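K.L.:
Chains A and B are the protein sequences, given in the same order.
Numbering follows this note's numbering, in which position 107 of the first sequence is assigned residue number 107; successive positions increment by one, without gaps.
In this note's numbering, each residue carries its 1-based index in the second sequence increased by 1000.
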Amino acid sequence: MVVDLDRQSAEEIDRVFHALADATRRDIVQRVLDGEWSVSALAREYPMSFAAVQKHVAVLERAELVTKERRGREQLVHPNLATVRRAARVLEGLEALWRERIVRFQSVLDDDL
Amino acid sequence: MTVTDVRKDPHNLTLTMTTEFGASVEQVWELWADPRKLERWWGPPTYPASVDHHDLSPGGRVTYVMTGPEGDQHRGWWTIVAVERPTSLEFVDGFADADGTPNLDMPTTSAVVTIRALAVGRTQMEVTSTFGSIEQMEQLIAMGMLEGLTAAANQIDAILANQP
């Protein structure tokens, strides 16, 4: 999928890539896109220590993919939709996916004619 | 130019892509109806698809697995809503768990494919892809983005690994 990241600096892109190169961190982003999660609730979802999950959240925070908010004794994790959206460009992503499929579709047709 | 028109409707969460091919309606239909042909174009070259079940009848299922560069496998399924061979196909497309069970927590999209003859050997195909909700769309695109970025990150890692 082609993603237009030209407005982000190389360093920002590097941080986003690094943050998303890990399956647990991708899973955290998907969960918080779906609803409110505290760090301790997230920690219960993975076979790793609270500190390890907290580190993953910190990496996502530095990449500006999530923000953290303290509420009482809880730390709530929210998606940073601006970053997620900017990198995603919703329907453009789907268009790129289908354009690539159509190019391959044409070449399969050409092979068989 | 294969793609002749693209319409994006953010309000209805729909993408419509119109394409034209120098082939007959039957030949275009075969790329959906023949699993060996379908798997040659459905997944990206870096994630080749392999279709293990293919039943294009109403209520029927298509299941496939895409294998990534590191042997990572991603399973997907279609449920056929309506079919009128060789001119139309409607299905829901979703993700599956490692054992092939549809994962209904993951977003799904609906696709409607319409194929019609423009002239002899000239065929138009229209694909309309619709998301269930904005949240689903954002989730799905975020995941697409995640995959894309991960692939890019892996490439960068490979380049870095080859440096002295």
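For each residue, glycine too, the CB sits at the ideal point set by N, CA and C.
From a predicted model like this one, the values you see are computed outputs, not experimental measurements.
Looking only at its own chain, which residues have a Cβ that is under 6 Å from the Cβ of B/E1039, when we skip the five neighbours before and after it?
P.N.:
The answer, listed in chain order, is A1049, S1050, V1051.
K.L.:
Kindly say whether A/W98, judged by its beta-carbon, lies nearer than 8 Å to any beta-carbon of chain B.
P.N.:
Closer than 8 Å to some Cβ of chain B, the Cβ of A/W98 qualifies, so yes.
K.L.:
Identify the residues that DSSP records as bridge partners of B/A1119: which are they?
P.N.:
Paired residue(s): B/R1122.
K.L.:
Near B/R1075, what residues of its chain come up, given a Cβ to Cβ distance below 6 Å and the 5 sequence neighbours on each side ignored?
P.N.:
Counting only Cβ-Cβ distances below 6 Å, and skipping sequence neighbours, we find V1065, A1096, G1100.
K.L.:
Cβ atoms of B/T1004 and B/E1020: under 8 Å apart, would you say?
P.N.:
A contact, by the Cβ cut-off of 8 Å.
K.L.:
Taking Cβ-Cβ distances shorter than 9 Å, what residues in chain A pair up with B/P1044?
P.N.:
What B/P1044 touches in chain A: M1, L97, E100, R101, R104.
K.L.:
Which runs of the alpha helix (DSSP H) at least 4 residues long sit entirely within the region 31-83 of chain A? Give them in chain order.
P.N.:
Segments of the alpha helix (DSSP H) lying fully in the region 31-83 of chain A: 39-43, 50-62.
K.L.:
Looking at the unbroken alpha helix (DSSP H) that takes in B/W1077, where does it start and where does it end?
P.N.:
No alpha helix (DSSP H) holds B/W1077; the beta strand (DSSP E) holding it covers 1073-1084.
K.L.:
Counting Cβ pairs closer than 8 Å, one from the region 1020-1029 of chain B and one from the region 62-78 of chain A, do we hit at least three?
P.N.:
Too few Cβ pairs lie closer than 8 Å, so no.
K.L.:
Which whole-angstrom value describes the C-beta separation of B/T1067 and B/Q1073, a residue pair presumed to lie in contact below a C-beta threshold of 8 Å?
P.N.:
Sure, about 5 Å apart at Cβ, within 8 Å.
K.L.:
For A/V32, collect the residues of the same chain with a Cβ closer than 7 Å to its Cβ; drop the 5 residues on either side in sequence, then sort them by chain order.
P.N.:
If we look at A/V32 and ignore the five residues flanking it on each side, its Cβ neighbours are V66, V77, H78, P79.
K.L.:
Where do the N-terminal and C-terminal ends of the beta strand (DSSP E) with B/A1023 fall, by residue?
P.N.:
Careful: B/A1023 lies outside any beta strand (DSSP E) and carries neither H nor E.
K.L.:
B/R1007 by DSSP, collapsed to three states: which one?
P.N.:
Note: B/R1007 maps to strand in three-state DSSP.
K.L.:
A/V108 versus chain B: which residues are under 7 Å apart at the beta carbon?
P.N.:
In chain order: L1031, K1037, R1040, W1041.
K.L.:
DSSP beta-bridge partners for B/Y1064?
P.N.:
Its beta-bridge partners are B/V1051, B/G1076.
K.L.:
Give me the Cβ distance between B/W1041 and A/R104, rounded to the nearest whole Å; I'm assuming they're in contact under 8 Å.
P.N.:
Right, the Cβ-Cβ distance comes to about 4 Å (below 8 Å), so this counts as a contact.
K.L.:
Any idea if B/L1118 is buried or exposed, counting beta-carbon neighbours within 10 angstroms, 16 or more meaning buried?
P.N.:
Classification of B/L1118: exposed, given that the 10 Å Cβ count is below 16.
K.L.:
By a C-beta neighbour count over all protein chains shown, 10 Å radius and 16 as the cutoff for buried, is B/K1037 buried or exposed?
P.N.:
With 16 or more other Cβ atoms within 10 Å, it is buried.
K.L.:
Would you mind stating whether A/V39 and A/V29 have Cβ atoms separated by less than 8 Å?
P.N.:
It is not a contact, given that the beta carbons lie outside the stated cut-off.
K.L.:
Quick check on B/L1038: does DSSP put it in helix, strand or coil?
P.N.:
The answer is helix: DSSP assigns B/L1038 an H, G or I state.
K.L.:
In or out: A/G35 buried (at least 16 other Cβ within 10 Å) or exposed?
P.N.:
A/G35 should be labelled exposed.
K.L.:
Of all Cβ atoms in chain A, is any one closer than 8 Å to the Cβ of B/V1092?
P.N.:
So, not an interface residue.
K.L.:
What is the rounded straight-line gap between the Cα of B/T1087 and the Cα of A/T24?
P.N.:
The alpha-carbon atoms of B/T1087 and A/T24 are separated by roughly 43 Å.
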